[in-house]
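In this note's numbering, the protein residues as written are 51 to 389.
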Ligand SMILES: NC(=O)c1ccc[n+]([C@@H]2O[C@H](COP(=O)([O-])OP(=O)(O)OC[C@H]3O[C@@H](n4cnc5c(N)ncnc54)[C@H](OP(=O)(O)O)[C@@H]3O)[C@@H](O)[C@H]2O)c1
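See below:
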């Protein structure tokens, strides 16, 4: 049987290399589930894999996208058939495998297909994966957040907003930085208690004022190279700076050592693919609780049909979209074919 899918056989610009067509349906192997994808999500990592930002082609043919959401259609050996029919969100579908979620079907290890609460849409489900797991790791790797304070840089970004949602769910006081007024509105809508404009506000002074001179316990940083001095000025003694992104693959940064030592600062670097699975499974419990509480509310910036995936890649790459970039795969509740 065949399915509709997006694929590429070489790295390059989206319009040149992303191809829409029929490919063979996967069959679930031992320990896997077969998911009929309703919504596939694009993350910067999918764009970087396609362009060759940090890796070469690992497979002759790649079906892109790590994240998605849909329904379990079949299971492989060792997986309970009771999972068939579950609505699930899928994470890291294409990690260590050639085929991701930009297709009508994907086969993934059973743990990578997580039950969606009944009230959660496929759009929100597809938006979880990398952003929610990354934000969770940055926030909680060093302990609970109840009664603590957090600064999230880039609070209007996809990971930044996820960090605000999860930190508020956990009972933290949350400040966020943004780069303009429109981003400020989004960070506020996400739940930030204090929103500061990096270009206009004296961020360190405002954070110190808001925390009675103590500073924040955790900082989630999208651009450590640019923000490290500011971070150290906002951090409480022994606080944690979690960095998860950089502008260019070769970026290097200098840390003001004396200031960092005096602060007893802890630097944590997060790369979602190397976070151990048991840690992710704990994160998933928290993410599910946050969803059930109605506190995980990602902004959907763009959604296109599967055949227009290249446009969506380009939009994400050009940076004009605020919010998740999604691809609608199923044409109706049941999609178009059966495998
Ligand atoms: N390490 C990991 O495992 C991991 C996981 C997920 C994502 N990432 C990486 O994280 C980055 C962000 O991903 P995303 O999906 O959240 O992207 P996004 O939605 O574009 O969010 C980034 C946000 O940060 C803002 N920003 C840029 N520079 C900033 C600065 N110096 N201080 C404060 N805010 C700043 C951006 O504003 P403008 O749009 O105005 O520039 C944007 O609002 C990407 O590079 C991605 O590859 C890494």
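In this text, a Cβ means the ideal position worked out from N, Cα and C, and glycines have one as well.
Opposing strand residues paired with residue i [DSSP bridges]
{"i": "residue 53", "result": "73"}
{"i": "residue 244", "result": "225"}
{"i": "residue 157", "result": "84"}
{"i": "residue 165", "result": "138"}
{"i": "residue 202", "result": "226, 270"}
With 16 other Cβ atoms within 10 Å as the buried cut-off, status of residue i
{"i": "residue 86", "result": "buried"}
{"i": "residue 76", "result": "buried"}
{"i": "residue 196", "result": "exposed"}
{"i": "residue 218", "result": "buried"}
{"i": "residue 331", "result": "exposed"}
{"i": "residue 199", "result": "buried"}
{"i": "residue 312", "result": "exposed"}
{"i": "residue 53", "result": "buried"}
{"i": "residue 281", "result": "buried"}
{"i": "residue 292", "result": "buried"}
{"i": "residue 58", "result": "buried"}
{"i": "residue 130", "result": "exposed"}
{"i": "residue 326", "result": "exposed"}
{"i": "residue 368", "result": "exposed"}
{"i": "residue 249", "result": "exposed"}
{"i": "residue 388", "result": "Model confidence at residue 388 stands at a pLDDT of 45, short of 50, so the residue's coordinates are unreliable and nothing is read from them."}
{"i": "residue 150", "result": "buried"}
{"i": "residue 302", "result": "exposed"}
{"i": "residue 51", "result": "exposed"}
{"i": "residue 104", "result": "exposed"}
{"i": "residue 221", "result": "exposed"}
{"i": "residue 267", "result": "buried"}
{"i": "residue 297", "result": "exposed"}
{"i": "residue 271", "result": "buried"}
Bounding residues of the alpha helix (DSSP H) (the contiguous stretch that carries residue i)
{"i": "residue 330", "result": "327-342"}
{"i": "residue 176", "result": "172-190"}
{"i": "residue 211", "result": "208-219"}
{"i": "residue 67", "result": "64-67"}
Rounded straight-line distance, which links the Cα of residue j to that of residue i
{"i": "residue 176", "j": "residue 64", "result": "21 Å"}
{"i": "residue 68", "j": "residue 107", "result": "14 Å"}
{"i": "residue 288", "j": "residue 317", "result": "10 Å"}
{"i": "residue 155", "j": "residue 80", "result": "17 Å"}
{"i": "residue 167", "j": "residue 94", "result": "26 Å"}
{"i": "residue 223", "j": "residue 238", "result": "13 Å"}
{"i": "residue 102", "j": "residue 61", "result": "6 Å"}
{"i": "residue 254", "j": "residue 96", "result": "34 Å"}
{"i": "residue 73", "j": "residue 378", "result": "18 Å"}
{"i": "residue 169", "j": "residue 337", "result": "14 Å"}
{"i": "residue 333", "j": "residue 364", "result": "31 Å"}
{"i": "residue 342", "j": "residue 307", "result": "43 Å"}
{"i": "residue 383", "j": "residue 78", "result": "A caution first: residue 383 carries a pLDDT of 44, below 50, which makes its placement in the model too unreliable to give a value."}
{"i": "residue 345", "j": "residue 210", "result": "14 Å"}
{"i": "residue 99", "j": "residue 235", "result": "32 Å"}
{"i": "residue 373", "j": "residue 185", "result": "15 Å"}
{"i": "residue 259", "j": "residue 212", "result": "25 Å"}
{"i": "residue 118", "j": "residue 247", "result": "33 Å"}
{"i": "residue 243", "j": "residue 92", "result": "29 Å"}
{"i": "residue 135", "j": "residue 71", "result": "26 Å"}
{"i": "residue 446", "j": "residue 56", "result": "The structure shown does not extend to residue 446, since the chain spans only 51 to 389, so no value can be given for it."}
{"i": "residue 358", "j": "residue 83", "result": "27 Å"}
{"i": "residue 252", "j": "residue 225", "result": "13 Å"}
{"i": "residue 216", "j": "residue 300", "result": "30 Å"}
{"i": "residue 160", "j": "residue 283", "result": "44 Å"}
{"i": "residue 122", "j": "residue 190", "result": "30 Å"}
{"i": "residue 310", "j": "residue 181", "result": "28 Å"}
Residue span of the beta strand (DSSP E) that contains residue i, given as start and end
{"i": "residue 150", "result": "Counting along the chain, residue 150 falls outside any beta strand (DSSP E), and DSSP gives it neither H nor E."}
{"i": "residue 264", "result": "No beta strand (DSSP E) contains residue 264, which DSSP labels as neither H nor E."}
{"i": "residue 137", "result": "137-140"}
{"i": "residue 195", "result": "Note, residue 195: premise wrong, no beta strand (DSSP E); not H, not E."}
Any chain B beta carbon closer than 9 Å to residue i
{"i": "residue 319", "result": "Although the question refers to chain B, the structure presented lacks it and comprises just one protein chain."}
Quiz prompt | Every unbroken beta strand (DSSP E) within the segment 270-322, with a cutoff of 3 residues, ordered by chain | solution = With a minimum length of 3 residues, the continuous beta strand (DSSP E) runs that stay inside the segment 270-322 are 285-293, 316-319.
What runs of the beta strand (DSSP E), each 3 residues or longer, lie entirely inside the segment 80-128? If we require 3 residues or more, the beta strand (DSSP E) runs fully inside the segment 80-128 come out as 82-92, 117-125.
ask   = Which full runs of the beta strand (DSSP E) of 3+ residues lie inside the segment 343-377, going along the chain?
value = Annotation note: the segment 343-377 contains the following uninterrupted beta strand (DSSP E) runs of length 3 or greater, listed N- to C-terminal: 350-355.
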